[in-house]
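For the sequence shown, our numbering begins at 405 and goes up steadily by one.
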Amino acid sequence: MSLDDRRQEIITAAAELFDRSGYSQTTMDDIAKTIGIAKPTLYHYFRSKEEILSSIHEEFIDLLLEKEERRQRAGLPPEQMLLEVMVDILELMETHRGHLRVFFEHHRELPDAAQPDMRAKRDRYEEAVTRTIKAGVTSGVFRDLEPRLTALGLFGMCNWAYQWYRAGGPLQPREIAFQFWDIFVRGVAATPSRTLI
């Protein structure tokens, strides 16, 4: 197994352990046993649990940024862009569940040295979604709402889903994403023009 392949195996196993047992409760010894390697061998690939945590965060945010940048190049309309952002986050509940929990629950525990780079990447992603909302407002597809607050609302809607989503349920992540998008873009009022309050 190559160095990169082994590192990837460790990251994936650690993310699953952190999801199942909690970050603080999982030890380097637990990770080594799960992989089937000696603890000193694990330290050959990662110097600490915090370094593994940084790698999980980096892999996760890089994946989201790559997908977002691909869509930007494709020139999708704003409403489609927002749907795909929601799909990205919700589909990761199937493909990267452990990464998702670790990303949202433990980013404050990243080593100090890793914080600025990770914060910059998170900000880049947030700014990309905010720009999409601004573009939708400018083109008249979306109402004139505060773009950053709207982006944060979208993230809040999707990011919390890992707490209740279970694989094998009646809806697949993309189906949940579409329903969330429908609620987010169209609202819940039966008659959109009706004043409710």
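In this text, a Cβ means the ideal position worked out from N, Cα and C, and glycines have one as well.
Taking the Cα of Arg570 as reference, the smallest distance to any Cα among Phe450, Glu495, Arg552 is reached at Glu495.
With fewer than 16 neighbouring CB atoms inside 10 Å of its own CB, Tyr447 falls in the exposed class. One thing to note: Phe584 has its Cβ within 8 Å of the Cβ of Met561. Not a single unbroken stretch of the beta strand (DSSP E) spanning 3 or more residues falls wholly within the segment 496 to 549.
In this structure, the beta-carbon distance from Leu558 to Leu486 falls below 8 Å. Cβ contact annotation for His503 (same chain, cutoff 6 Å, sequence separation greater than five): Ala419, Ile460, Phe464, in chain order. Taking C-beta atoms as the reference points, Met497 and Ala565 count as a pair closer than 8 Å.
DSSP, reduced to helix, strand and coil, places Arg451 outside both helices and strands of the structure shown, so it counts as coil. Judged by DSSP in its simplified three-state form, Val592 adopts coil rather than helix or strand. In its chain, beyond the 5 residues on either side, Leu514, Pro515, Ala518, Met522 have a beta carbon closer than 8 Å to the beta carbon of Ser458. Between Tyr529 and the set Leu575, Gln476, His510, the nearest pair of CA atoms involves Gln476. Per the C-alpha coordinates, the member of Ala442, Pro444, Asp433, Arg505 positioned closest to Arg424 is Arg505.
In the same chain as Ala539, and ignoring 5 residues on each side of it, the C-beta atoms closer than 7 Å to its own belong to Pro482, in chain order. Taking the Cα of Arg411 as reference, the smallest distance to any Cα among Tyr427, Thr430, Ser452 is reached at Ser452.
Separation of the CB atoms of Glu413 and Ile435 is rounded to 10 Å, and the pair is thereby denied contact status at 8 Å. Between Val491 and Arg578, the gap from beta carbon to beta carbon is short of 8 Å.
Taking C-alpha positions only, Leu575 is separated from Pro520 by approximately 37 Å.
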